[in-house]
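Chemist: The working numbering applies: residue 46 is where the sequence shown begins, and numbers increase by one.
No residue lacks a Cβ here, since even glycine has one placed at the ideal position from N, Cα and C.
In this text, all values refer to a predicted model and were calculated from it rather than measured experimentally.
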Amino acid sequence: MPEPGDPQVTGWLGVGATWRGDLVFTGRVRIDGTLIGTVRSNDLLDIGAAGRIQGDVDVAQALVGGVLDGSLHARERVTLLETAVVRGEIHTPWIDVRSGAQIDAVVRVQR
């Protein structure tokens, strides 16, 4: 869920859309479709319940409600919502896991 101070959505990949390749962005990007590749940002990645990412993610913050297969490196925080499914790796200094989230990953929380 967005919190006060989170950036407004500046980009969106909609349901039914597929992107193959690298995504580098500023602001907040929401993924409701499928992204196969790498994601890099100093801001917030928002994966909606219908969203799916296969690849490596390196962002400041991640809000995950969909499926992520790969590695997730978040320099500030990770929030896994009730509908999240993460397989692979999670590296972050702060993690919030909501009841119902599924994790099949190596998780490293280091401050």
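Could you name the residues of the same chain whose beta carbon sits closer than 6 Å to that of T71, not counting the 5 residues immediately before and after it, in chain order?
Modeler: These residues qualify, in order along the chain: D88.
Chemist: Taking DSSP as the reference, what is the three-state secondary structure of D101?
Modeler: Three-state DSSP puts D101 in a strand.
Chemist: With A129 and G110 assumed to form a contact (beta carbons below 8 Å), what rounded beta-carbon distance in angstroms separates them?
Modeler: Right, the Cβ-Cβ distance comes to about 6 Å (below 8 Å), so this counts as a contact.
Chemist: Under the three-state reduction of DSSP, which class applies to G93: helix, strand or coil?
Modeler: Here G93 sits in coil by DSSP.
Chemist: Label S86 either buried or exposed according to how many other C-beta atoms from any shown protein chain fall within 10 Å of its C-beta, with 16 as the threshold for buried.
Modeler: Result: buried.
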